[in-house]
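S.K.:
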Amino acid sequence: MHGRQPSPPGLQRRARLTGRAGRCPVYHRRILILLRHGRTPNNAQARLQGQIDSPLDEVGFEQSAVVGKALRDRWPVDRVVTSSRRRTRQTSRAAGLSDAPTTIDDRWMEIDFGAYDDRRISDVMAELGAAWASDISYMPPGGESMACLHERVGEAVAEIAEEAATSNVVVVTHATPIKSAVAWLLDGEAEMIMRLRVSLASVTAFGPVGHGMVLTEFNWCPARHIG
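In our numbering, the protein residues as written are -14 to 212.
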């Protein structure tokens, strides 16, 4: 599963992008927004939190409120998708997105770190070395590989890209699914996941143009000053 994977059929139709990230002059009446959740205690302690159900901390709620206002000031929101993890659902509510119809879709859940969940990131990196940093096929004990995550996110992206042609959709999700979605939508290789960084409470957005989509925002952080 290394390298470029075939795009899901729906994505092949819509997501051939220009790569003009942040420089496209086109006004996008429709938008696909990928919003990472706010801070949790695990984030504050630099601990892994894949599919464990961490709540937001006080800073996370404040970040979510700020990014939500900034987001809603720029775009009307027609629909919201979250994972089932509390941190995404709490982020959605704190961001003021609760009035929009909301769907839970666990294809947008964070990667499963298995036995490494809740451990300090520095300890895991020291133990795994290159396997952690560069091998998308590496599967932690009881967990999930980046390649497997990329496959499930690709299915979700294909559906959401179609919907974004006619409505503004906000997906409140996690760091790794956002990076995977960017790789899919930019027609990149799965290894791109390893080369992107997505901040807490950040916005990444795509606007449809013709038969493709343009990356209009990447890692926009209106709440960067908080926490």
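Beta carbons are placed, not taken as given, at the ideal position from N, Cα and C, and that holds for glycine.
If you're wondering where the values come from, they're calculated on a predicted model, not measured in any experiment.
Return the chain-ordered list of same chain residues with a C-beta closer than 6 angstroms to the C-beta of residue 32, the five sequence neighbours on each side being excluded.
M.R.: Residue numbering aside, residue 32 sits at position 47 when the sequence shown is read from its first letter. Excluding sequence neighbours, residue 32 sits near 103 and 105.
S.K.: Check whether chain C comes within 8 angstroms of residue 163, counting only Cβ atoms and requiring the distance to be less than that.
M.R.: The structure shown contains no chain C, having only a single protein chain.
S.K.: Can you give the Cα-Cα distance for residue 36 and residue 129, rounded to whole angstroms?
M.R.: For the purposes of this step, residue 36 is identified with residue 51 of the sequence shown, where counting begins at 1. For the purposes of this step, residue 129 is identified with residue 144 of the sequence shown, where counting begins at 1. Their Cα atoms are separated by approximately 10 angstroms.
S.K.: Here's a check: name, in chain order, each residue in its chain whose Cβ is nearer than 7 angstroms to the Cβ of residue 165, leaving out the five neighbours to either side.
M.R.: Numbered from its first residue, the sequence shown carries residue 165 at position 180. Answer for residue 165: 134, 135, 138 and 178, listed in chain order.
S.K.: Under a Cβ-count criterion, where at least 16 other Cβ atoms within 10 Å of its own Cβ denotes burial, should residue 110 be classed as buried or exposed?
M.R.: Against the sequence shown, residue 110 aligns to sequence position 125. So residue 110 ends up on the exposed side.
S.K.: Among residues of its own chain, excluding the 5 on either side of residue 125, which ones have a beta-carbon nearer than 7 angstroms to its beta-carbon?
M.R.: Position 140 of the sequence shown holds residue 125. So the qualifying residues of the chain are 98, 99, 100 and 101.
S.K.: Determine the DSSP secondary structure at residue 204, reduced to helix, strand or coil.
M.R.: Counting from one through the sequence shown, the residue named residue 204 turns up at place 219. DSSP places residue 204 in strand when its eight states are reduced to three.
S.K.: For residue 66, which residues of its own chain have a beta-carbon under 6 angstroms away from its beta-carbon, when the five flanking residues on both sides are left out?
M.R.: Counting from one through the sequence shown, the residue named residue 66 turns up at place 81. Excluding positions up to five away in sequence, the list reads 88, 90 and 156.
S.K.: Can you list, in chain order, the residues of its chain whose CB lies under 6 angstroms from that of residue 72, leaving out five sequence neighbours each side?
M.R.: Start at 1 with the first residue of the sequence shown, and residue 72 comes out as number 87. Answer for residue 72: 22, 25, 39 and 41, listed in chain order.
S.K.: How long is the line joining the alpha carbons of residue 215 and residue 169, rounded to whole angstroms?
M.R.: The displayed coordinates of the chain run from -14 to 212. Any statement about residue 215 would go beyond what the structure contains.
S.K.: Given this structure, state the Cα-to-Cα distance separating residue 19 from residue 108, to the nearest angstrom.
M.R.: Numbered from its first residue, the sequence shown carries residue 19 at position 34. Numbered from its first residue, the sequence shown carries residue 108 at position 123. Between the alpha carbons of residue 19 and residue 108 lies a gap of roughly 29 angstroms.
S.K.: Just mark residue 70 as buried or exposed, buried being the case when its beta carbon has 16 or more other beta carbons within 10 Å.
M.R.: To locate residue 70, count along the sequence shown from 1; it is residue 85. Buried, since its Cβ has 16 or more Cβ neighbours within 10 Å.
S.K.: Got a sec, what are the start and stop residues for the beta strand (DSSP E) residue 154 sits in?
M.R.: Stepping through the sequence shown from its first residue, residue 154 is reached at position 169. 154 to 158 is the span of the beta strand (DSSP E), which, as asked, contains residue 154.
S.K.: How far does the alpha helix (DSSP H) with residue 62 in it reach, from first residue to last?
M.R.: For this step, residue 62 is matched to residue 77 along the sequence shown. Careful: residue 62 lies outside any alpha helix (DSSP H) and carries neither H nor E.
S.K.: Reducing DSSP to helix, strand and coil, say where residue 124 ends up.
M.R.: For this step, residue 124 is matched to residue 139 along the sequence shown. Residue 124: coil per DSSP, three-state reduction.
S.K.: If you run the structure through DSSP and keep just helix, strand and coil, what is residue 199?
M.R.: Residue mapping note: residue 199 aligns to position 214 of the sequence shown, counting from 1. Here residue 199 sits in strand by DSSP.
S.K.: Please identify the residue among 57, 51, 34 and 47 whose C-alpha is closest to the C-alpha of residue 153.
M.R.: Numbered from 1 along the sequence shown, position 168 holds the residue referred to as residue 153. Out of 57, 51, 34 and 47, 57 has the C-alpha closest to the C-alpha of residue 153.
S.K.: Since residue 171 is in the beta strand (DSSP E), which residue starts that stretch and which ends it?
M.R.: Working through the sequence shown from its first residue, we reach residue 171 at position 186. No beta strand (DSSP E) contains residue 171, which DSSP labels as neither H nor E.
S.K.: Which of helix, strand or coil does DSSP assign to residue 89?
M.R.: Residue mapping note: residue 89 aligns to position 104 of the sequence shown, counting from 1. DSSP places residue 89 in strand when its eight states are reduced to three.
S.K.: List the residues that DSSP assigns as beta-bridge partners of residue 21.
M.R.: The residue you call residue 21 lines up with position 36 of the sequence shown. 158.
S.K.: State yes or no: is the C-beta of residue 85 within less than 8 angstroms of the C-beta of residue 52?
M.R.: Within the sequence shown, the letter at position 100 stands for residue 85. Within the sequence shown, the letter at position 67 stands for residue 52. Contact flag unset, no.
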